[in-house]
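Scroll down for the structure; my scribbles are underneath it.
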Amino acid sequence: MPIRYEDGLARFEGLCAVDEALPLAEWLEATEAARVDLAACTELHTALLQLLLAARPALAAPPEDAFLRRWVAPLLAG
Amino acid sequence: MTQQPHVLVVDDAATVRAYTRQVLESDGFTVEEAVNGIEGLERALARPPDLLIVDVNMVKMDGYAMLRVLRRDPVLRDVPAIMVSTEAKDRDREQALLAGANWYIVKPARPDALTAAARLLTGQPVKGPAKEPAKGEAAP
Amino acid sequence: MSALFDQFVGEARELLDTAGASLLALERDPADRAAINELFRAFHTLKGATGLFDMAPFTRLVHAGEDALSALRDGRRRLDAELADRLFRALDQGARWVDALESDGTLPGDADETARRLSAGLTGTPDAAPAVAPVAGLEWVEALDDAARRAAGLIDAATLTALVYAPDPECFFTGDDPLALCRKIPDLRLLAIEPAEPLPLLAGLDPYRCLLRFHALSGAAATEVASVFRAVPDQVRIAPVTLRALPGEAGGPEDGLAGAILREQLRILTLPGDSLDRDGRRAAVARAVANILGAQGHAVDRAALDTACADAGALRRFLDAARPVAPPVEAAPVATPSGRRALLRIEPERVDQLMALIGELTVAKSQLPALARQAGADSLGQGLKAVSARFDALVGELQHAALRLRLLPLSRVFEPLPRLVRDTARRLDKTVELALGGGDTEADKDILDVLGEPLLHLVRNSLDHGIEPPDRRAAAGKPPSGVIRVHAFQEKDGVVVEVSDDGAGIDPAKMRAAAIRKGLLDAAAAEALGDDEAVRLVFAPGFSTASGVSDLSGRGVGMDAVRAAVERAGGRVEIASTPGEGTRIRLVLPLTLSITRVVVIEAAGELFGVPVTLVGGMRRVPCADIRAVKRAESVVLGDRVVPVVRLRRLLGFPDDPRERSAEYVLVADLGGTGVALVVDDVRERADVMLRPMHGVLRGLRGYSGTAALGDGRLLLVLDLRELL
Chain Z
4 MPIRYEDGLA RFEGLCAVDE ALPLAEWLEA TEAARVDLAA CTELHTALLQ LLLAARPALA
64 APPEDAFLRR WVAPLLAG
Chain G
503 MTQQPHVLVV DDAATVRAYT RQVLESDGFT VEEAVNGIEG LERALARPPD LLIVDVNMVK
563 MDGYAMLRVL RRDPVLRDVP AIMVSTEAKD RDREQALLAG ANWYIVKPAR PDALTAAARL
623 LTGQPVKGPA KEPAKGEAAP
Chain P
624 MSALFDQFVG EARELLDTAG ASLLALERDP ADRAAINELF RAFHTLKGAT GLFDMAPFTR
684 LVHAGEDALS ALRDGRRRLD AELADRLFRA LDQGARWVDA LESDGTLPGD ADETARRLSA
744 GLTGTPDAAP AVAPVAGLEW VEALDDAARR AAGLIDAATL TALVYAPDPE CFFTGDDPLA
804 LCRKIPDLRL LAIEPAEPLP LLAGLDPYRC LLRFHALSGA AATEVASVFR AVPDQVRIAP
864 VTLRALPGEA GGPEDGLAGA ILREQLRILT LPGDSLDRDG RRAAVARAVA NILGAQGHAV
924 DRAALDTACA DAGALRRFLD AARPVAPPVE AAPVATPSGR RALLRIEPER VDQLMALIGE
984 LTVAKSQLPA LARQAGADSL GQGLKAVSAR FDALVGELQH AALRLRLLPL SRVFEPLPRL
1044 VRDTARRLDK TVELALGGGD TEADKDILDV LGEPLLHLVR NSLDHGIEPP DRRAAAGKPP
1104 SGVIRVHAFQ EKDGVVVEVS DDGAGIDPAK MRAAAIRKGL LDAAAAEALG DDEAVRLVFA
1164 PGFSTASGVS DLSGRGVGMD AVRAAVERAG GRVEIASTPG EGTRIRLVLP LTLSITRVVV
1224 IEAAGELFGV PVTLVGGMRR VPCADIRAVK RAESVVLGDR VVPVVRLRRL LGFPDDPRER
1284 SAEYVLVADL GGTGVALVVD DVRERADVML RPMHGVLRGL RGYSGTAALG DGRLLLVLDL
1344 RELL
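Residue numbers (my numbering), protein chains in the order written: chain Z, 4 to 81; chain G, 503 to 642; chain P, 624 to 1347.
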């Protein structure tokens, strides 16, 4: 399961593909003060990134993946 | 400093050599030129310079090879060297340092970037910040 | 600055020439590594040189060329005729720009536009629409603020590849993941992700519709970046851009630069390598660090520093200890600049002046023998004679040395040929190989000037009329590719340039027929012509072998113009052709224009010269052998009937009153038919310095100039073609 939802926290792990988009959208809409943990995420599909940018959940942990950390994390941190 | 620091410029492009010479001479350095690594080594052996400014791409012997040989020479191995290249990539910079360069400047080198680094690496007092920044004319 | 600029102009021209030659070689043999390397280096060096000046479009163009060549070198791209054309166009444009830079000091106003157009063709950006504004969409690069650049570490000036990627909103359905694609961009320097339009609230967002847009900068070549996006070429724009160095950074606060260099020294100590490599680097680092600290006015314990250079950690601790608070040191002016060496270049006019003076000297010294004779056989006379002989030798050597100053290799006139053959053959759909030989043969600069045009014309003519189309060649059992050879060598009377082809050759029968049709000859005269003479008709004024004049061989500039130009320079043209096998044309020219070897002849007490190159022979002809038909005289020489012309009559002198049984005849070879020139006497051959006719003499027709003989006597050199 690439994204595990625990209370107000979504943990992204490994390769997170486009089929996670609908569940993530539903979860983000339903969850107050949502937080995401991208530490273990190695691939983030554009559809998921787009949802995160629209919903702007708090970033609980930045990705460790160098590419995501450098270019994607700053967009979500603000 | 009574002795003018002597710089050996190794580049196969005559225009770049002339430019570098002009920039350095106007800052008080003496300049010698070589067109490839082999000539560079010969000249350095004949008269060990205080600083080398070496291009990467040259026929016969490129800048990397020249620096590698130089760093193994008992007399010349500690001569500080600046490598200049049009490539701005990290791996090019690393290649230069691996070969034995002390500093890496992306071409076209701004006159002040060139003279400032040359002064530091030859132990010349650096200019105060109040001075005019560049020789101007050829800055991009 | 202007010296540097001049240097640039000269070097740029050389590099463009080199690149052109290498490109031709590469097109002939795409596996030619030396050629591709040389070509790449030429572009690369040009990029560096143009980067020194304010000529960004030029830099952009050669950078695009370098990218294309880099792809070629790595086997990511293939050299087809199309790409070769584009590279040639880029080189041509570069040459035009260098001309403009030289004359105006700046690139023309449309340079930016031109560079964009040509670069787009070279980088093979998938975006093929281009022409007008191929980098539209990349304005964001200009708009990058300093903070964003600093954050991305893009401080120095750099040429990068910029990208804007606007994915198709439906792209998720086709399996695209734009972010994953961006991850694949090689040497990614900057990636900015933004919504193409303001994102709606989550509730209104269709999760399967892509609304993001990507901006990226890469250190890799445009072609490399483009290959990542090859599946979505319509959604990206990719082009090289040039970033300027951020102000106040590259040259920066000195301490900042010193700090940066010191940090680099620490990094050097962590680099891998064998022990010799590492020892060498350590030594260099120690000296560099000592110098930097010294430059900043810090005292350096060299022994402690050397020890500290064992590893990065130790050096860092050493540095922390050595640099408490850096007191800035006022710069001491470093001594005076040293003198510059100047290049020695000789203006042609000065050499000419030298040659003229040598001519005067020749005339002056010619008075010595007369003085020696007057002085008689005593010691003064003997002495004068010896001095005179010594002068003769010295003046001869001086003349020789001065002439050498003007000698240039013929490869200069060969230079335009490869490109001419390549372009023309491509236009005519012929395959032609050009073989050049003897380019190191030397001749006077004036001769090269004379040779240039005729040579171009001869090669064009071979391409146009000589070499057959591949199907005709195949039908004739020849290899489909034709060969044109241009070969130069030195002969005793001068330089020879041969242009030969393995084409269709010239059919003497057709030449005769054409000559009759054009009214140049009547049927009987045409029939009387030998095959060789018939072939020579191509040099007759107003003659053209092709039914229609091709635009390639030039209008109005026929083979007769080639012949005329060569003969004006004291040379001659020879032709040999075998139908079906090819044609060979030889241009024979004197080594120099100023020194001409002449046969000295006498008529009515005056001396005249005829260039040796035009003299086919000299003989005494019994008067009885000269036959007169009406007023026209002729003589049979060998198996040919040759018209006889009397020089005295030609020049308006009275006939020779003396009775003689035989005439001195000089057989002049003027192309087509020979002429037997009757003269009073034939004398020595002499090398003379030909001077053009000046002043009142200029109006005289029939003379190509005056010359002084070694003994000081004046000579008129005849222009036989004009006379006859």
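Using N, Cα and C, we set each Cβ at its ideal position, and we do this for glycine too. These numbers were taken from a predicted model, which means no experiment stands behind them.
Residue i and residue j closer than 8 Å at C-beta
i	j	result
residue 668 of chain P	residue 514 of chain G	yes
residue 784 of chain P	residue 841 of chain P	yes
residue 80 of chain Z	residue 51 of chain Z	no
residue 1124 of chain P	residue 1089 of chain P	yes
residue 1067 of chain P	residue 1026 of chain P	yes
residue 903 of chain P	residue 573 of chain G	yes
residue 1106 of chain P	residue 1078 of chain P	no
residue 584 of chain G	residue 604 of chain G	yes
residue 1143 of chain P	residue 1157 of chain P	no
residue 884 of chain P	residue 915 of chain P	yes
residue 1222 of chain P	residue 1289 of chain P	yes
residue 1311 of chain P	residue 1219 of chain P	yes
residue 1031 of chain P	residue 1065 of chain P	yes
Between the CA atoms of residue j and residue i - distance to the nearest angstrom
i	j	result
residue 960 of chain P	residue 525 of chain G	In this prediction, residue 960 of chain P has a pLDDT of 34, which is less than 50 and means its spatial position is unreliable; nothing more can be read from the coordinates.
residue 550 of chain G	residue 535 of chain G	13 Å
residue 32 of chain Z	residue 826 of chain P	7 Å
residue 987 of chain P	residue 979 of chain P	12 Å
residue 1149 of chain P	residue 1135 of chain P	5 Å
residue 1020 of chain P	residue 1314 of chain P	20 Å
residue 931 of chain P	residue 577 of chain G	21 Å
residue 1328 of chain P	residue 1338 of chain P	9 Å
residue 716 of chain P	residue 606 of chain G	32 Å
residue 1117 of chain P	residue 1191 of chain P	15 Å
residue 505 of chain G	residue 688 of chain P	44 Å
residue 1138 of chain P	residue 692 of chain P	52 Å
residue 1206 of chain P	residue 655 of chain P	31 Å
residue 579 of chain G	residue 938 of chain P	19 Å
residue 538 of chain G	residue 562 of chain G	7 Å
residue 1108 of chain P	residue 1028 of chain P	29 Å
residue 684 of chain P	residue 601 of chain G	30 Å
Identity of the residue in the options nearest residue i by Cα
i	options	result
residue 1355 of chain P	P:1343, P:1323, P:1309, P:1342	In the structure as shown, chain P begins at 624 and stops at 1347. Residue 1355 of chain P is therefore absent and cannot be evaluated.
residue 1293 of chain P	P:1235, P:1046, P:800, P:1242	P:1235
residue 507 of chain G	G:523, G:586, G:518	G:523
residue 11 of chain Z	Z:5, Z:18, Z:40	Z:40
residue 1188 of chain P	P:1080, P:1257, P:1091	P:1080
residue 671 of chain P	G:595, G:552, G:577, G:557	G:557
residue 699 of chain P	P:844, P:716, P:795, P:628	P:844
residue 899 of chain P	G:541, G:555, G:569	G:569
residue 850 of chain P	P:694, P:832, P:972	P:694
residue 1015 of chain P	P:991, P:1057, P:809	P:991
residue 1201 of chain P	P:1127, P:837, P:711	P:1127
Secondary structure of residue i, DSSP reduced to three states
i	result
residue 606 of chain G	strand
residue 26 of chain Z	helix
residue 1054 of chain P	strand
residue 1002 of chain P	helix
residue 1211 of chain P	strand
residue 1233 of chain P	strand
residue 1246 of chain P	helix
residue 701 of chain P	coil
residue 978 of chain P	helix
residue 820 of chain P	coil
residue 1339 of chain P	strand
residue 553 of chain G	strand
- request: Could you name each continuous beta strand (DSSP E) segment of 3 residues or more that falls completely within the stretch 1267 to 1322 of chain P, going from the start of the chain to the end?
  value: Counting only runs of 3 or more, we get 1285 to 1292, 1297 to 1302, 1304 to 1312.
query: Taking the runs of the beta strand (DSSP E) that are 3 residues or longer, which of them lie wholly in the stretch 1094 to 1121 of chain P?
result: The stretch 1094 to 1121 of chain P contains these whole beta strand (DSSP E) runs: 1104 to 1114.
- prompt: Can you give, in chain order, each stretch of the alpha helix (DSSP H) that sits fully within the stretch 822 to 863 of chain P and has at least 4 residues?
  reply: Contiguous alpha helix (DSSP H) elements confined to the stretch 822 to 863 of chain P occur at 845 to 851, taking only those with 4 or more residues.
task: Counting only runs of 4+ residues fully inside the stretch 1019 to 1051 of chain P, write out the alpha helix (DSSP H) ranges in chain order.
output: Along the stretch 1019 to 1051 of chain P, the alpha helix (DSSP H) occurs as fully enclosed runs of 4 or more residues at 1034 to 1037, 1039 to 1051, listed in sequence order.
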